[in-house]
Amino acid sequence: MVVAVVTAACGTVPAVPHADGSAPVAVTVAPVVRVSRPAVIEAGGTLHGQRAVVVASRVMGPVVAVPVMAGDRVRAGQVLVQIDDAAAAADVRSAAAARVAADRQYARAQAEASAAASAATLARATHARIAALAARRSATAQELDAALAALDAAEAQVAAADAGVAAADAARTRAVAGGDGARAVAAWARVTAPFAGLVTETFVEPGAMAAPGSALVRVEDTAAFEVDVRLDESRAHWARPGDTVTVLVDAAGGIDERQGRITEVGRAAGVDTRAVTVTVTLETADGLRSGMFARVRLPGPAREAIVVPPSAVVRRGQLTSVFVVEGTTARMRLVRVAAADATGIEIVAGLAEGEQIVVSPAATLRDGGDVHVSAQEATGEAPIVRGDRS
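Going by this note's numbering, the sequence shown opens with residue -16, and the numbers climb by one from there.
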C-alpha cells in the first residue's frame, strides 16, 4: 500500500482539552478506499506420495509373518509379508524330481534311437548285398524277402525310437516349465517392496489367509509428494500445468509454506460435483508425511477490495475491530477480515469506502473516546501485477 503522511499543518485541528483537563488522544487517520488486488484461489487436499501401490498376494496360503508396520521405511526388495510356502516348496521338490526323471527318460530314448539307427544301417547294407547276389542268381528269392523284411522292421524301429525321443523331450520341457512355475510360486510367497518408500497401511496380520488378489500392504514413494485439490468449473481455468503455486502444509510447528508446481489439470469436470481435479507436486519433500492436510493457493483475477493497514486492525480475544473517527470521537467498529498480503488486510464486512480510520490506535483508545487528528495518511492504490489468464 502506498502511504503519504499529511501533518497537522495541512488541515488538522489543534487539540482542545476536556473540561476535566484531560486531552483528547492524538491519532493518525486514513480514509477507507478500495484498491485493486489479485484474488487468491485456495483449495485443500491431502498429501500423498507421487507413486503409491497396494501390494497384493499372488498365492493362496496362511500369513506367517508381517515384519513391517505403518510408518516404516522400506527399501526395494525388502520383505513385507511372508506367506506359508510349505506347499510351494513341496511342489518345487516334486518338480525337481520330475525333471530328473524326464532327463533320464530322454537319455534312454536317445540311446534307443541311436541303437535303432545303427540296426537300420546294418539292415540296409544287408538288403543291398542280398539284392546284388540275387541279381547274379547267387541268393534265393526267399533270402531277398527276408532281408527286405528285416530292413522294414529296422526302419520301423527307427521311427518308433525317434517318436520316443520327441516324447521324452516334450516331457523334459514340461518338467522344466513345471520347475520354473513351482519356483515362481514359492518366490511369490515372499512378498517384497516394489520400490523404496514408506509403508502407509497394512491389511493383514499373521494367521490370516491370503488369497490371490487380496491386499497386503500399501507402500508410497516419498521421494516426492503431491496434493490433489478440486476447483469448480468457474475457477479451474486459472490452473495451468507448469504454474508455480504456494502450498501451505499444516505441520506440528504451525503452517509450513512451500512452493509447488501444477503437474496435471483434469480435462473434464465431474458430473456430480462439477469440479476439476488439479494435481500439484511439491518442490521439496523434507519433513512431509503422507496424510498431511495442505492448502494450495494460486492467483486469480484482479478485483476491487477494501484494504486497511495491518496496524489499524485491533484483535482483542475473539473480536477483530478498527477505530472509525466520527468528528472528534473514535468508534470501535467490529469487522470481518480476509487474507492479508503486501497491500494490507482485506476487510470484507464492517467498513464503508470514505470513512476515516485510526491507523495505529493507542492501547488506551476506547470506544467513544475523544480524539485529536494529529496527522492524516493518504492511501493510494499499490501496483498490482496481473497474469495473462484470460
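Even glycine gets a Cβ: it sits at the ideal position worked out from N, Cα and C. The structure presented is a predicted model; accordingly, all values stated were derived computationally and were not measured.
DSSP beta-bridge partners of residue i
i, result
"VAL38", "VAL200"
"VAL290", "GLU329"
"ILE340", "ALA13 and VAL307"
"ASP135", "Beta-bridge pairing links ASP135 to no other residue."
"VAL279", "ALA26 and VAL230"
"ASP378", "One cannot answer for residue 378 here, as it falls past the ends of the chain, which runs -16 to 373."
"ARG20", "ARG286"
"LEU302", "ARG299"
"THR109", "Answer is none; THR109 lacks a bridge partner."
"GLU247", "THR262"
"ALA323", "ILE328"
"GLY180", "VAL57"
"ASP353", "THR312"
"VAL8", "VAL354"
"ALA193", "GLY44"
"LEU317", "SER304"
"VAL174", "VAL64"
"THR104", "Paired residue(s): none; THR104 is not in a bridge."
"THR185", "VAL200"
Nearest-angstrom beta carbon gap, residue j and residue i [assumed within contact, 8 Å]
i, j, result
"GLU95", "ALA144", "5 Å"
"VAL279", "GLU25", "7 Å"
"MET307", "ARG314", "The sequence shown places Val at residue 307, not Met. At roughly 5 Å, the Cβ-Cβ gap stays under 8 Å, so VAL307 and ARG314 are in contact."
"ASP353", "PRO7", "4 Å"
"GLY180", "GLU203", "5 Å"
"VAL36", "ALA288", "Actually they are not in contact, since the Cβ atoms of VAL36 and ALA288 sit about 46 Å apart, beyond 8 Å."
"ALA151", "GLN88", "5 Å"
"VAL377", "GLU336", "Here the chain has residues from -16 to 373 only, and residue 377 is not among them."
"GLY32", "THR205", "5 Å"
"ALA78", "ALA167", "Wrong, their Cβ atoms sit about 11 Å apart, outside the cutoff."
"ALA103", "GLU138", "5 Å"
"PHE182", "VAL62", "Checking the sequence, you will find Val at residue 182 rather than Phe. Actually they do not touch by this definition, with Cβ atoms about 12 Å apart."
"ARG107", "LEU127", "Actually they are not in contact, since the Cβ atoms of ARG107 and LEU127 sit about 14 Å apart, beyond 8 Å."
"GLY270", "PRO292", "No, GLY270 and PRO292 are not in contact; Cβ-Cβ is about 34 Å, not under 8 Å."
"VAL23", "ALA322", "6 Å"
Residue i, buried or exposed, once every other Cβ within 10 Å from all chains shown has been counted against 16
i, result
"ASP68", "buried"
"VAL83", "exposed"
"GLY4", "With a pLDDT of only 49 at GLY4, under the threshold of 50, the placement of this residue in the model should not be trusted; the figure read from the coordinates follows. Label assigned to GLY4: exposed."
"PRO224", "exposed"
"PRO284", "exposed"
"VAL368", "Bear in mind that a pLDDT of 30 at VAL368, under 50, signals an unreliable position, so the model cannot answer this."
"PRO427", "Outside the displayed span of the chain (-16 to 373) sits residue 427, for which this structure offers no information."
"ILE340", "buried"
"ILE238", "exposed"
"SER294", "exposed"
"PRO195", "exposed"
"THR262", "buried"
"VAL356", "buried"
"SER273", "buried"
"PRO45", "exposed"
"GLY243", "buried"
"VAL230", "buried"
"LEU265", "buried"
"VAL331", "exposed"
"SER40", "buried"
"ALA374", "Since the first and last residues shown for the chain are -16 and 373, residue 374 lies out of range."
"ALA193", "buried"
"ARG155", "buried"
"LEU281", "buried"
"GLY310", "exposed"
"LEU59", "This sequence places Ala at residue 59; Leu is not what is there. Exposed, because fewer than 16 other Cβ atoms sit within 10 Å of the Cβ of ALA59."
"GLU329", "buried"
"ALA346", "exposed"
"HIS220", "exposed"
"THR260", "buried"
"LEU302", "exposed"
Minimum Cβ-Cβ distance from residue i to chain C less than 8 Å
i, result
"PHE178", "Going by chain labels, chain C is absent from the structure shown, which holds only one protein chain."
Ordered list of beta strand (DSSP E) runs contained in the region 202 to 244, each at least 3 residues: 227 to 234
Three or more C-beta pairs below 8 Å linking the region 32 to 51 and the region 198 to 205: yes
Runs of beta strand (DSSP E) lying entirely within the region 23 to 96, each at least 3 residues, in chain order: 44 to 48 and 62 to 66
At least 3 beta-carbon pairs within less than 8 Å: the region 209 to 224 vs the region 85 to 100: In short, these stretches do not touch, since the Cβ pair count stays below three.
Touching by the beta-carbon criterion (3+ pairs, under 8 Å), the region 166 to 179 and the region 57 to 71: Verdict: yes, contact present.
Cβ contact (3+ pairs, closer than 8 Å) linking the region 152 to 163 and the region 112 to 129: Contact between the region 152 to 163 and the region 112 to 129 is absent: fewer than 3 CB-CB pairs across the two stretches fall below 8 Å.
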